[in-house]
Structure formats: C-alpha cells, structure tokens
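Trainee: Heads up: the sequence shown begins at 174 in the numbering used here, then just goes up one per residue.
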Amino acid sequence: MTSEDQDVAAITGAGGGIGSATARSLGRAGYHLELSDVAMDQLEVLVSELRHEGISVIARALDVGSHASLEAWVEEIASRHGRIDVLVNNAGVTTWGRYADQSAADIDWLMDINVRGTMYACHAFLPLLRRAKRGHIVNVSSMIALFSGPLQTTYTASKWAVLGFSRALRLELQGQGLGVSCVVPGVTATPFISD
Numbered sequence: 174m175t176s177e178d179q180d181v182a183a184i185t186g187a188g189g190g191i192g193s194a195t196a197r198s199l200g201r202a203g204y205h206l207e208l209s210d211v212a213m214d215q216l217e218v219l220v221s222e223l224r225h226e227g228i229s230v231i232a233r234a235l236d237v238g239s240h241a242s243l244e245a246w247v248e249e250i251a252s253r254h255g256r257i258d259v260l261v262n263n264a265g266v267t268t269w270g271r272y273a274d275q276s277a278a279d280i281d282w283l284m285d286i287n288v289r290g291t292m293y294a295c296h297a298f299l300p301l302l303r304r305a306k307r308g309h310i311v312n313v314s315s316m317i318a319l320f321s322g323p324l325q326t327t328y329t330a331s332k333w334a335v336l337g338f339s340r341a342l343r344l345e346l347q348g349q350g351l352g353v354s355c356v357v358p359g360v361t362a363t364p365f366i367s368d
C-alpha cells in the first residue's frame, strides 16, 4: 500500500483509554494516524509504541475547545494527505460532585471540550471527510447519555448533547457518502476516571 492509498484516521484525546486503544486498532488495521491530545507526555509514549510496530503516525498537542486550533490541525493534515477517511472525536473530561457546588468556569470548561470540541471538530473536518471515498465520523458519548446520573449532572448533559448532535448530523449527511456513529461506552479503564 502506498502512502497515497493508505486510509487516514484523525483521533482526538488519543493519549489514553479509549483514544489510545482506538489508535492501536486503526493503526494495526493499516491506517495512517493523525493523533492529538492536550497531554503530550502520554501521547508521545503511544506514538513511540506505534512507530516501533511500524505504524505511520503523527501527533500534536491540541485543545479541542479551540476552533482555531482545530482548523490549524485540519490544514496540517490536508497538506500531508488531502483528505481523511475517519474522524474519531474521543476527547472528553468530567467533573464530580453536586451541581450546586460547580462553578460557571467548571461548567464552561466541560462543555467546551465535550460538546463544542466534538461539534467544532466535525465542522472543521467535514471538507476533508468529503474528499474521501467514504468518510466516517465516530463521536464518543457515554452510557450516561441513556439515563441520568447523580453527581455527574454537567457531564450527563454534555454526553446527551453529543448523542443528540450525532443523530441529527447522521440524518443531515445521509446520501452524501458520509457516515456518523456515536459510541456510548460504560465504565472504562482509563486515566479519565482516575484523574
């Protein structure tokens, strides 16, 4: 397979947990990987592991809550490949505790990453996804989007939003050669939980 023929996957929040597991799986399936995370120390360990396996990978620090940063990343990927085949929006954060005890800054921080980050990434990457023969978006929500959980009020709201957004975007993109999936995992062994 030449580099021109190699499928390209972009993954946010790739430094650990679901993101790193997804990177390993897609890399071993033959994808070139474009990975991002705010935690570059974790991401660099993953990149070293993947390159040792002969997987083609490039990584960068990225705050998905910044639309400008996402657009810059898209431009970098476009200059290297001209398209992407799969976008995995995995970056996410949580807060624990009573909603009444959360600050407005806590709420903004979580919603910027979990909701706006997912929506911004889809918006920024859509032109590149349209260039692929079969573009696909995978948004990571949570099982909590299927019910409500105490002490996770803001996180629950954000993951309901990701699920609803994904369903609506799937309908909007039907017939355009672009697919949208939304994953709703349960409790997972990830640094996300231990932080």
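From the three backbone atoms N, C-alpha and C, an ideal C-beta is built for every residue, glycine too.
Here the structure is a predicted model, which is why all the values come from computation and not from measurement.
(1) Could you please give the first and the last residue of the uninterrupted beta strand (DSSP E) stretch that includes R233?
(2) With a cut-off of 8 Å on the beta carbons, I'd call D258 and R307 a contact; round off their distance for me.
(3) Where do the ends of the alpha helix (DSSP H) carrying S354 lie?
(4) So the beta strand (DSSP E) V259 belongs to, where does it begin and stop?
(5) Rounded to whole angstroms, how far is the Cβ of H309 from the Cβ of S354, which I believe are closer than 8 Å?
(6) For I228 and D274, what's the separation of their Cα atoms in angstroms?
(7) Measure the beta-carbon distance from D210 to G238 and round it to whole angstroms, keeping in mind my assumption that it falls under 8 Å.
(8) In whole angstroms, give me the CA-to-CA distance for M174 and A277.
(9) From the DSSP output, in three-state form, read off T185 for me.
(10) Terminal residues of the continuous beta strand (DSSP E) containing G308?
(11) Can you list, in chain order, the residues of its chain with a C-beta nearer than 6 Å to that of L199? Leave out the 5 residues immediately preceding and following it.
(12) Take the Cβ of G348 as the centre, count every other Cβ of all protein chains shown within 10 Å, and call the residue buried at 16 or more, exposed below.
(13) Is it true that the CB of E217 sits closer than 8 Å to the CB of I250?
Mentor: Concretely, from the data shown:
(1) The residue labelled residue 233 in the question sits at position 60 within the sequence shown. 230 to 234 is the span of the beta strand (DSSP E), which, as asked, contains R233.
(2) Start at 1 with the first residue of the sequence shown, and residue 258 comes out as number 85. Start at 1 with the first residue of the sequence shown, and residue 307 comes out as number 134. Indeed they touch by this definition, with Cβ atoms about 7 Å apart.
(3) Here residue 354 refers to the residue found at position 181 when the sequence shown is read from its first residue. S354: not part of any alpha helix (DSSP H); member of the beta strand (DSSP E) spanning 351 to 356, first to last residue.
(4) Residue mapping note: residue 259 aligns to position 86 of the sequence shown, counting from 1. First-last of the beta strand (DSSP E) with V259: 259 to 262.
(5) The residue you call residue 309 lines up with position 136 of the sequence shown. The residue you call residue 354 lines up with position 181 of the sequence shown. Right, the Cβ-Cβ distance comes to about 7 Å (below 8 Å), so this counts as a contact.
(6) Within the sequence shown, numbered from 1, the residue matching residue 228 stands at position 55. Within the sequence shown, numbered from 1, the residue matching residue 274 stands at position 101. Taking the straight line from one Cα to the other gives about 45 Å.
(7) Within the sequence shown, residue 210 is the residue found at index 37, counting from 1. Within the sequence shown, residue 238 is the residue found at index 65, counting from 1. Incorrect: roughly 13 Å between the Cβ atoms, too far for contact.
(8) In the sequence shown, counting from the first residue as 1, residue 174 sits at position 1. In the sequence shown, counting from the first residue as 1, residue 277 sits at position 104. Its pLDDT being 41, under 50, M174 is placed unreliably by the model, and the measurement read from it follows with that caveat. Approximately 50 Å between the Cα atoms of the pair.
(9) Locating residue 185 in the sequence shown gives position 12, counting from the first residue. The DSSP-derived three-state label of T185 is strand.
(10) Position 135 of the sequence shown, counted from the first residue, corresponds to residue 308. Segment 308 to 313, the beta strand (DSSP E) holding G308.
(11) To locate residue 199, count along the sequence shown from 1; it is residue 26. Once the five neighbours on either side are set aside, the close Cβ partners of L199 are A182.
(12) The sequence position of residue 348 within the sequence shown is 175, counting from 1. An exposed status is given to G348, since fewer than 16 other beta-carbon atoms sit within 10 Å of its beta-carbon.
(13) Within the sequence shown, the letter at position 77 stands for residue 250. Within the sequence shown, the letter at position 44 stands for residue 217. Contact: no.
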